[in-house]
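FYI, in my numbering the residues of the sequence shown are 36 to 303. C-beta atoms are modelled at their ideal positions from N, C-alpha and C, and glycine is treated no differently.
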Amino acid sequence: MSSIPSNPSSDPASPSAAAPGASPTASAASSPTFSPLYQQIKALIMQRLQSGEWKSGELIPSEVELGNRFKVSQGTVRKAIDELAAENLLVRRQGKGTFVATHHEARSQFRFLRLMPDSDQPQVTDKRVIELKRLRAPADIARQLGMKSGDSVVYVKRVLAFDGVPTILEELWLPGALFKALTLERLAEYKGPMYGLFETEFGTRMIRATEQIRAASADADAAELLAVEKSSPLLCVERVSFTYGDKPVEVRRGLYVTNRHHYQNELS
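Set out below in structure tokens:
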């Protein structure tokens, strides 16, 4: 059973545990930054999620049970869970409890896709995988994935169409060792969200991403696949997605046609 250390002086990371002879300045510089108790509980819950103790879609222990486990109040646990729910890592269900979020849920399927239709009408999404192959990681991809240049990666190229209109051309790079069982046939036959497939069959849940956005123009290949004129203006979005432990597990580069769509983000 885990709990928050009650005696800070017994914690090896505590300032009082500095090596003999170390200067006060050096000790202060190396000491951890204080975090509120609920943030410590949040970190402990994250550790359980990362270790797979509670898997995607599973019910986690109640706030009372977690409070007893971690030796803190129910209110402290609730505040930690509130933050994890706001980050889409946990989902509260009225009368049922709190569950580990999954990319198969409707609310999560488009969490990382910020391209929105100009109209409010429902859209039919179609995904066409053009190629999947294994290759040696280019230097820039290896750097973003925290790998060595030349390590094995899985490369995927696909087109997403909305209401029959090609709208997104994507290239993905995934760590070869982690996704060695991914095949073109499996990806082509899978009808759900791609991150749902990664979660269910490869045990990899995307929990956050960083993006860079810039203007681009369609080259001959992009123009053909997106059914636009060569040199047409496009939106280029490059994303690095991370799983638990802040480990990068995907680089994705997308070219977006924005004739009938716009990129939307919420700032707070």
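My output table needs one value for residue i: the three-state DSSP class, helix, strand or coil.
i           : result
residue 242 : coil
residue 250 : strand
residue 187 : strand
residue 291 : strand
residue 115 : helix
residue 285 : strand
residue 81  : helix
Would you decide whether residue i is buried or exposed? Buried here means 16 or more other CB atoms lie within 10 Å of its CB.
i           : result
residue 219 : exposed
residue 77  : buried
residue 105 : buried
residue 253 : buried
residue 296 : buried
residue 216 : exposed
residue 159 : exposed
residue 255 : exposed
residue 136 : buried
residue 133 : buried
Out of the options, point me to the one whose CA is closest to residue i's CA.
i           : options            : result
residue 240 : 248, 246, 230      : 230
residue 162 : 195, 284, 270, 253 : 195
residue 278 : 173, 245, 126, 157 : 245
residue 74  : 117, 174, 92       : 117
residue 210 : 181, 242, 222, 221 : 181
residue 222 : 187, 84, 166       : 166
residue 315 : 287, 235, 243      : Since the first residue of the chain shown is 36 and the last is 303, residue 315 is not available in this structure.
residue 300 : 150, 212, 80       : 150
With a threshold of 6 Å on Cβ separation, who are the neighbours of residue i within its own chain once the five nearest residues in sequence on each side are excluded?
i           : result
residue 98  : 109, 112, 113
residue 289 : 203, 205, 272
residue 226 : none
List the endpoints of the continuous beta strand (DSSP E) containing residue i.
i           : result
residue 278 : 268 to 278
residue 298 : 296 to 298
residue 165 : 160 to 171
residue 134 : 132 to 135
If you follow the alpha helix (DSSP H) that residue i is in, where does it begin and where does it stop?
i           : result
residue 99  : 98 to 105
residue 202 : No alpha helix (DSSP H) contains residue 202, which is instead part of the beta strand (DSSP E) from 200 to 210.
residue 69  : Per DSSP, residue 69 belongs to no alpha helix (DSSP H) and is neither H nor E.
residue 124 : First-last for residue 124: undefined, no H or E at that position.
Please return the same chain residues whose Cβ sits closer than 8 Å to the Cβ of residue i, not counting the five positions on each side in sequence.
i           : result
residue 102 : 108, 109, 111, 112
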